[in-house]
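Each protein sequence line maps, in turn, to chains X and P.
All residue numbers for the first sequence refer to my numbering, where the first residue is 682 and numbers rise by one.
All residue numbers for the second sequence refer to my numbering, where the first residue is 682 and numbers rise by one.
Glycine included, each C-beta is placed from N, C-alpha and C at the ideal position.
Small disclaimer: the values here were computed from a predicted structure and weren't measured.
Protein chains: 2
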Amino acid sequence: MKPVSNKEGFVLRLEDFLPYRLVVAASLVSQATARTYATKYSIGIAEWRVIAQLGEFGTMTAKQIGARSHMHKTKVSRAVATLNRKKMLAKRANRDDKREAFLSLSPIGLEVYESIAPAAQALSQRMFGDVSAEDRAAFERVLDTVTARAASLADMEEELPD
Amino acid sequence: MKPVSNKEGFVLRLEDFLPYRLVVAASLVSQATARTYATKYSIGIAEWRVIAQLGEFGTMTAKQIGARSHMHKTKVSRAVATLNRKKMLAKRANRDDKREAFLSLSPIGLEVYESIAPAAQALSQRMFGDVSAEDRAAFERVLDTVTARAASLADMEEELPD
DNA sequence: TGACACTGGTTTCATTTGTAACTATTTTGC
DNA sequence: GCAAAATAGTTACAAATGAAACCAGTGTCA
């Protein structure tokens with residue numbers, strides 16, 4: 682199918698349009714991975730991301746998890762709640778600030794982490810495995826710059842004067 | 682914050698984990714762009730994507746739009762419905778197959794397309810503008826391969842025997 | 001000290017989303 | 001030609017989501 686030029690003449694070629702391609706790729710990847718652990722371990726994406734953070738860093742507050750994973754705070758809150766219900770994490774109050782709590786994986790949570798993490802790694806390998814080291818490095822560079830840009834853009838508009 | 686190794690020893694370093702980084706980057710980009718045309722032109726993401734497809738290719742069925750943009754058919758259906766309500770597109774029945782309809786932009790829709798497309802282009806420029814040509818090429822290569830992989834993975838599982 | 005702004009986290013509510021069921025039509029196999 | 005399977009698109013329903021209100025605790029500054 683060939684692009685059609687309309688009267689005004691400006692045509693956006695989506696197949697060359699990086700933001701679009703990025704988003705499509707990500708959504709496919711997200712679906713594919715989600716399926717893997719969703720069906721296999723009955724864990725949702727948000728829950729898994731919380732587990733992954735805690736598995737990597739040990740102990741964090743909900744706030745930290747949200748900041749690090751760019752997850753909305755209500756999403757984190759709910760994910761934590763479900764994981765808590767499933768006895769997958771340990772909550773320890775912070776004496777110095779009773780608003781927040783220190784979260785970490787319970788033995789069960791750790792088990793889940795230990796079983797999902799390698800699967801995730803394997804899946805990643807299947808998707809990115811045969812990408813050359815150079816391409817991979819370039820890919821990471823671009824991801825980083827665009828992440829930074831997009832994040833700053835988002836923040837900017839957040840604090841616009843009304 | 683330094684990763685903590687737990688008893689079992691397997692730690693997934695999310696900052697090195699490409700699927701994760703890809704998804705985070707995409708979600709930030711998506712948010713940033715969404716905001717641009719959402720607030721400026723009161724158009725949702727799905728609607729914009731439909732407009733973009735039609736702007737580029739002229740006439741398509743809902744099915745084609747969905748396939749090309751990897752959008753769920755209900756999403757396409759609803760986006761088309763809202764755009765139709767806003768008189769932004771033209772629906773023409775297909776005599777040879779009355780189940781489907783040929784969709785294209787109405788003059789109003791074209792206007793919207795012509796005003797959003799350059800803005801999107803500009804935003805993309807702001808995010809990817811100063812990426813070197815080589816990095817950009819590498820980035821595209823990787824996006825393509827991973828898109829193909831993830832898509833085939835998704836399809837595969839779709840037809841699993843239950 | 002006490003009022004007031006602020007922050008971590010939860011909850012409520014309206015919106016968005018996907019799954020599955022459904023309608024209308026077309027295709028297939030016999 | 002016709003019953004059964006398939007397909008384009010819509011709709012009903014339930015789950016996921018984000019914005020905003022909210023609660024409890026903390027910081028500030030007079």
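Below 8 Å on the Cβ atoms is my guess for residue i versus residue j; work out the distance and round it to an integer in Å.
{"i": "Leu784(X)", "j": "Lys772(X)", "result": "6 Å"}
Considering only residues of the same chain and omitting the five flanking positions on each side of residue i, which have a CB-CB separation below 8 Å?
{"i": "Arg735(P)", "result": "Before going on, a small fix: residue 735(P) reads as Leu here, not Arg. Excluding residues within five positions, the ones whose Cβ falls inside 8 Å are Met741, Ile746, Leu770, Leu784, Ser785, Leu786, Gly790 and Tyr794."}
{"i": "Glu838(X)", "result": "Residue placement at Glu838(X) cannot be trusted, given a pLDDT of 49 that sits under 50; the coordinates are not used to answer."}
{"i": "Arg817(P)", "result": "Phe809"}
{"i": "Tyr722(X)", "result": "Val793, Ser796 and Ile797"}
{"i": "Tyr718(X)", "result": "Ile724, Trp729, Ile797, Ala800 and Ala801"}
{"i": "Val812(P)", "result": "Phe820"}
{"i": "Tyr701(X)", "result": "Leu695"}
Give me, in chain order, the residues of the same chain whose beta-carbon lies closer than 7 Å to that of residue i; leave out the 5 immediate sequence neighbours on both sides.
{"i": "Leu824(X)", "result": "none"}
{"i": "Gly749(P)", "result": "Residue identity differs from the one stated: residue 749(P) is Arg in this sequence, not Gly. Here the set comprises Gln734."}
{"i": "Ala774(P)", "result": "Ala782"}
{"i": "Val757(X)", "result": "Val731, Ala743, Ile746 and Gly747"}
{"i": "Asn765(P)", "result": "Lys772"}
{"i": "Arg780(X)", "result": "none"}
Going by beta carbon distance, what residues of the same chain come within less than 6 Å of residue i, once the five residues before and after it are set aside?
{"i": "Ala715(P)", "result": "Ile726"}
{"i": "Leu841(P)", "result": "With a pLDDT of 39 at Leu841(P), under the threshold of 50, the modelled position of this residue cannot be trusted; read the value that follows with caution. Excluding residues within five positions, none has a Cβ falling inside 6 Å."}
{"i": "Leu699(P)", "result": "none"}
{"i": "Lys754(X)", "result": "Gly747"}
{"i": "Ala760(X)", "result": "Ala727, Glu728 and Val731"}
{"i": "Asp843(P)", "result": "Unreliable positioning characterises Asp843(P) in this predicted model, as indicated by a pLDDT of 28, which lies under 50. A coordinate reading is not provided."}
When you compare each of the options to residue i by their alpha carbons, which one comes out closest?
{"i": "Asp778(X)", "options": "Ala829(X), Lys744(X), Glu792(X) and Leu764(X)", "result": "Lys744(X)"}
{"i": "Ala832(P)", "options": "Arg830(X), Ser833(X), Ala832(X) and Met808(X)", "result": "Met808(X)"}
{"i": "Val827(X)", "options": "Gln806(P), Ala801(P) and Ala762(P)", "result": "Gln806(P)"}
{"i": "Glu696(P)", "options": "Ala760(X), Glu737(X) and Ile724(X)", "result": "Glu737(X)"}
{"i": "Gln712(P)", "options": "Val710(X), Leu703(X) and Asn765(X)", "result": "Leu703(X)"}
{"i": "Leu804(P)", "options": "Ala814(X), Val692(X) and Arg830(X)", "result": "Arg830(X)"}
{"i": "Met752(X)", "options": "Ala814(P), Phe698(P) and Ser708(P)", "result": "Ser708(P)"}
{"i": "Leu834(P)", "options": "Phe698(X), Val710(X) and Phe691(X)", "result": "Val710(X)"}
{"i": "Pro788(P)", "options": "Val705(P), Leu699(P) and Gly739(P)", "result": "Gly739(P)"}
How would you write the range of the alpha helix (DSSP H) that residue i sits in, first residue to last?
{"i": "Gly725(P)", "result": "Gly725(P) -> no alpha helix (DSSP H), and no H or E assigned at all."}
*asked:* If we require 4 or more residues per run, which alpha helix (DSSP H) segments fall completely within the stretch 743-825 of chain P?
replied: 743-750, 754-766 and 788-809
*Completely contained alpha helix (DSSP H) runs for the stretch 691-738 of chain P, where each covers 4 or more residues*: 699-722 and 726-738
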